[in-house]
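Novice: Protein chains in written order, with our numbering: chain A, 39 to 389; chain B, 1441 to 1748; chain C, 1407 to 1927.
Backbone N, C-alpha and C fix where the C-beta goes; we use that ideal spot for every residue, glycine too.
Dropping the structure in here first, questions after.
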């Protein structure tokens, strides 16, 4: 073994975390092109519409950042859970709980000064999302229930609870639609740039992943979380409280999703209604995976997925191509990425 | 006597609602008994739903639609197998990706091909009364006055249980999910068995999705599966990884759906959302009560590598 | 033994994994009715060779001849069709199925329209009867209706053998079959194997135990580093010659050590009981004491409570009753962390799963029990420089062969991985050390290193509890020896070689010499 081994290690990491994701994106676009061709669309027209939908003008970029905000926040949180080896598939439900919490404060704290009310809404969102996730963590460590199944169940329970809130106790005064009233005007997150919907929440989406990365890679807590994620048995033998790390990791992950929910209510929607998330929680999983579960990487993968969404919407307007294609592209990117990584792993072992 | 009519209608709806869950959950039970968990059932059902609708619309034959739905979902099941079984990638992650692909693809196909069609209705699958048996009070209409796909679902579960428990194939499937290496050293192909079980599970998920579009709603609606794929996953756990257990659990879940719709329709002032979340709460409660004596296959979710 | 027919001939078998030549141009011949031992240390390539023969591993080169006909074996299925059976070291049985189900698995087509009736299991009783008859015909006692998970290891091994016999076998491979057996069970097994061979069955026995070679085999082939280093007719050789061939030089069966100077008891275990998930008593009122400055060896057959003993002391599992006292402090109820801080350190039996985080850098593995303390953490943040510096000193002190502390521990050889564990556990000068299977899977050089390190620790005043299933190791290192059997200490002897026979009997749960043991010498 020589120092060459070491540089090969860095090379492998670079290949794994940068080159393979790019290859996966290209492969997904290729399959997307096949899909378009088979459906009788002009691929070139479609992809150029997609491209200009993203980069065509500054407004589109702003839109992409707005779309990316919840994805980045959720993705950075999921990265923490996945690094600890706990499969949080419940970000969708945690997002709903955070959104409900944000709306509750947004509806009731309008009289407080903004510097107090907005942080309170975000913190309450984090708390509710975190506690919701902690249920699955607790069920795992105390009763041994598989968190994949429980988090999926908790998603639907959360969506049901929000459905109840907006048709019952939190319904708008007119009792007409299943939604709440608009939140206090003063609590709407300020727009960052004139004429664009990107709001102050995006700044949070730049800060939170950095904090998450520091937590994971520079603090003893992160050390313990990662140790458990790689090898829970060895971590247990080393005196690390494995159960505590599981609950902490999924709670932090849920808190991030909760913040995302509150930010979405305060920054974009301005109220709570029944189906407030178009599957952000599930897309967030893809965002984290594309970033190799590195929180800072989720800024890039989140922006990519956000841009794909806005680009596809404009593609639908200009080229009449169904925007639902983005979900397929996102799914394909992940499918290719895990395949490429698995193939690389095989080559590595053999070599 | 009015309440008997009401109960009969409720139970009839229960069985109708349970059928797609039964198809999907029985299929997933096979996959999981072979050691592969596929959380992409939602996506597979959507692919099945749109394929069945499109083929039935184009050909005029619902049965051709159902067949096409099963085959289309099976193709995606095999692709899922390539990634998880052959390449050994994480099954949860790949399943999540499959959900996104299915969601996007089904809506894309529907909009691309039916965006401009105005008359989108298809002939509904007709109800077939079983002679004599349908005359039994209450139970007759509930079990023997349904469409053929419902009958198929009701027959599928016991048949699947028999194959699993009483045939050499079933023995092999039960082995490969518990101890794949022992199965390999006994002279069987772990990879082959797993592909077979996953493809079969995907086929049934496709049929379950097809049921929703051509036998239940008589149309396709974007994201119409609405979480049933995830419910099927819960049913497998609830049914303790047995096909008959899956049937009972499907009926239970179907009952809460039917009751929920009845209450909503009757405009009864009770928060129907609580009924909506009941199956999910029930699943967690059941998991808590049955913990420790879990029937979960030992090798579930663990990729098999041939290196000895 | 009839020499005229050659049941098996292997020629030029080679296989490499990465840079390691597991098999290098290996030739082997086994006659009909012969018991042939394949002797070699851990990692010599025995299992790889047999896995190739059984179709589990594809060779890079070489040919296989069965009854002088070339055979292509690409899967276990083909091996079984050709009459090869294998009893694996880790049993290949599905615990949730019954004995009969395990035996008939894959013996009939899974799906065949023409043979549809064979694909159905119509009458379980009839199949159980059939399996029972096969077992009885070969004198193997098993209950075909029993669930495998309820069987003892000895019974499970019999199921494995019946599985092979049921499939019709003329060449039976057994991989380390005695590792989990008591001497009595071993004697029974050897009796059975002899009767099989007398009936014309060819048997290959993989082992690294010399006395087994002498007791059972007709011929022996010795492997070292993936090559054949010797072929002998058993009655024309002896244990010393074989030992020399196996390790490549004359072996010293003893370790240089000075007499111990035991001090006050440092580890006291009093009536410790551990109950398993199924209600079985894994440790049953076990008591023992280890004095400062002595090594207490715990001898026993694998699976008699050794694992639970180590895990209870280190706080990983909680005993049902009893006391564990180290240096006057009660340990029961404390966390693994608190116990480590009390000066009780642990070399776990499985370094890759319990001792190291293979994906972590070597440096992080050194601080696995102290990463959140100064100087490795300061102001709430990890201090990579301090961690690396500490790792550098341990890498030098414990002679870990690596270009950098930043390399993942997975990249190290087994011996160097164990040195990382030793470094972490010994650097704090523990007063109590629990060493479980400390040399399992290590080569001769690394084994010597570990033994010396343990003795040095003893001489520095540590109380060492050595738990090992290698009787040789226990005999060589221990100042006193206790024998563990079914969760209890069944006897104690001073640590010198004269007691090997006595210990062997106690390991089998036999207190007096009259009942067993004579047979397999």
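1) Taking 7 angstroms as the threshold (beta carbon to beta carbon), is residue 1432 of chain C in contact with chain A?
2) Please tell me whether residue 383 of chain A has its Cβ less than 7 angstroms away from any Cβ of chain C.
3) Going along chain B, which residues have a C-beta under 7 angstroms from residue 125 of chain A?
4) Taking 7 angstroms as the CB-CB cut-off, is residue 373 of chain A touching chain C?
5) Starting from the Cα of residue 333 of chain A, find the closest Cα among A:111, A:283, A:288, A:368 and give me that residue.
6) Taking CB distances under 7 angstroms as the criterion, tell me whether residue 284 of chain A reaches chain C.
7) Do the CB positions of residue 1754 of chain C and residue 1678 of chain C come within less than 7 angstroms of each other?
8) Just checking my contact of residue 1642 of chain B with residue 1628 of chain B at CB under 8 angstroms: how many whole Å lie between their CB atoms?
9) Would you mind reading off the limits of the beta strand (DSSP E) that contains residue 1421 of chain C?
10) Could you name the residues of the region 318-348 of chain A whose beta carbon sits closer than 8 angstroms to any beta carbon of chain C, in the order they occur along the chain?
11) Looking only at its chain, what residues have a beta carbon closer than 6 angstroms to the beta carbon of residue 1434 of chain C, apart from the 5 residues adjacent to it on each side?
12) Is DSSP giving residue 1569 of chain B helix, strand or coil here?
13) What residues in the region 1500-1514 of chain C have a beta carbon less than 9 angstroms from any beta carbon of chain B?
14) Hey, residue 1546 of chain C and residue 1568 of chain C are a contact pair by Cβ (cut 8 angstroms); roughly how many whole angstroms apart?
15) Might you give, ordered along the chain, the residues of its own chain that have their beta carbon closer than 7 angstroms to the beta carbon of residue 120 of chain A, omitting 5 neighbours on each side?
16) Between the Cα of residue 182 of chain A and the Cα atoms of B:1728, B:1499, B:1606, which residue gives the shortest distance?
17) Cutting at 6 angstroms between CB atoms, please list the residues of its own chain near residue 1805 of chain C, excluding the five before and the five after it.
18) What three-state label does DSSP hand residue 1777 of chain C in the structure shown?
19) Is the CB of residue 269 of chain A under 7 angstroms away from at least one CB in chain C?
20) Closest to residue 391 of chain A by C-alpha separation, out of A:293, A:263, A:88, would be which residue?
21) Going by beta carbon distance, what residues of the same chain come within less than 7 angstroms of residue 247 of chain A, once the five residues before and after it are set aside?
22) Look up residue 1442 of chain B in the DSSP assignment and say whether it is helix, strand or coil.
23) Who are the near neighbours of residue 1897 of chain C in its chain, counting only those whose CB is closer than 6 angstroms to its CB and skipping five residues on each side?
24) So residue 1492 of chain C is in the beta strand (DSSP E); what residue range does that whole segment cover?
25) Within 10 angstroms of the Cβ of residue 1563 of chain C, are there 16 or more other Cβ atoms? Answer buried if so, exposed if not.
26) At what residues does the beta strand (DSSP E) containing residue 1712 of chain B begin and finish?
27) Suppose you measure from the CA of residue 1676 of chain C to the CA of residue 1701 of chain C; what does that come to, to the nearest Å?
28) Going by DSSP, what residue range makes up the beta strand (DSSP E) through residue 1536 of chain C?
29) Got a sec, what are the start and stop residues for the beta strand (DSSP E) residue 1681 of chain C sits in?
30) For residue 1681 of chain B, does the count of other Cβ atoms within 10 angstroms reach 16, so buried, or fall short, so exposed?
31) So residue 1486 of chain C contacts chain B; which residues on that side make the cut at Cβ distance below 7 angstroms?
32) Ends of the beta strand (DSSP E) at residue 1400 of chain C?
33) Might you give, ordered along the chain, the residues of its own chain that have their beta carbon closer than 6 angstroms to the beta carbon of residue 1492 of chain B, omitting 5 neighbours on each side?
34) Buried or exposed, going by whether 16 or more other CB atoms sit within 10 Å of the CB of residue 376 of chain A?
35) Within a Cβ cutoff of 6 angstroms, which residues of the same chain sit near residue 1465 of chain C, ignoring the five residues on either side of it in sequence?
36) Below 6 angstroms CB to CB, which residues in the same chain sit around residue 240 of chain A once its five sequence neighbours on both sides are set aside?
Specialist: So, to answer that:
1) no
2) no
3) 1532
4) no
5) A:111
6) no
7) no
8) Contact doesn't hold; Cβ gap of about 21 angstroms is too wide.
9) 1412-1423
10) none
11) 1416, 1627
12) strand
13) 1500, 1501, 1502, 1503, 1507, 1508, 1510, 1511, 1512, 1513, 1514
14) 6 angstroms
15) 326, 331
16) B:1728
17) none
18) coil
19) yes
20) Examination of residue 391 of chain A is not possible in this model, given that chain A is present from 39 through 389 alone.
21) 110, 114, 333, 334, 336, 337
22) helix
23) 1889, 1912
24) 1490-1493
25) buried
26) Segment 1712-1729 is the alpha helix (DSSP H) holding residue 1712 of chain B; no beta strand (DSSP E) there.
27) 18 angstroms
28) Looking at the DSSP string, residue 1536 of chain C is not in any beta strand (DSSP E); the run it does join, the alpha helix (DSSP H), is 1530-1543.
29) 1671-1681
30) buried
31) 1627
32) For residue 1400 of chain C there is no data in the structure shown, the boundaries of chain C being 1407 and 1927.
33) 1505, 1506, 1509, 1650, 1653, 1654
34) buried
35) 1419, 1421, 1458
36) 103, 107
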